[in-house]
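Presented below is the structure to which this report refers.
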Amino acid sequence: MQPKDIVAQFIADIRAQRLDEARTLLVAEGFEYVGPNMRFLSPDDMLSYQFGMVAIQKDLVLRQLSADGEHVFAILDYQTHFEPIGDVRLAVWFRVRDNKIQTVEAFYNAAVVENMLGGNLPSAT
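Its first residue numbered 6, the sequence shown is counted upward by one per residue in the working numbering.
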């Protein structure tokens, strides 16, 4: 699969809350997720956090997906059941190596997520 196809499948798995399937698309060693208010060095830790967000996820809408070699860029709307925040717009930069996602860098309004979580953010692991 091409990097763009791998990321598209990952996003589809997260949208459908198939976290075990999404996990198979991430590297086992050398993984890194960086967002404006959290960082994960383990794919399992990132997906555990995502599992905690399942209850409020209404939908994950892919608006745009483009690729330049191993770099894949996605624009997403994270729609929630949590009325005070509504939708969160995301820009996500993925790097795919050897048919696995190695890095994920997310850009979004950090204040919205911090307010939603009451300031209880996970620490980098």
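The beta carbon of each residue, even a glycine, is placed where N, CA and C say it ideally should be.
Nothing here was measured: the structure is a model prediction, and the numbers come from that model.
- In this chain, ARG23 is not harboured by any alpha helix (DSSP H), its DSSP state being neither H nor E.
- The beta strand (DSSP E) runs of length 3 or more contained entirely in the region 57 to 101 are, from start to end of the chain, 62 to 73 and 76 to 85.
- Taking C-beta separations shorter than 6 Å and ignoring five residues to either side along the sequence, the partners of ILE80 in its chain run ARG68, GLN69 and ALA96, following chain order.
- Taken atom to atom, the span from the alpha-carbon of ARG94 to that of TYR83 is near 6 Å.
- In chain order, ALA96 place their CB closer than 6 Å to the CB of PHE112, counting only its own chain and leaving out the 5 sequence neighbours on each side.
- DSSP places PHE36 outside any beta strand (DSSP E), giving it a letter other than H or E.
- Burial check for LEU30: the Cβ neighbour count within 10 Å reaches 16 or more, so the residue is buried.
- Under the 10 Å beta carbon count, GLY91 is surrounded by fewer than 16 other beta carbons and is classified as exposed.
- In the three-state reduction of the DSSP assignment, GLN7 falls in the coil class, being assigned neither a helical nor a strand state.
- The region 32 to 42 and the region 101 to 109 touch, with no fewer than 3 CB-CB distances between them shorter than 8 Å.
- Closest option to ARG20, judged by alpha-carbon separation, among LYS63, MET43 and PHE87: LYS63.
- Under DSSP, the beta-bridge partners assigned to VAL109 are TYR38 and PHE99.
- For THR85, same chain residues with a beta-carbon under 6 Å away, outside a window of 5 residues either side, are ILE61 and LYS63 in chain order.
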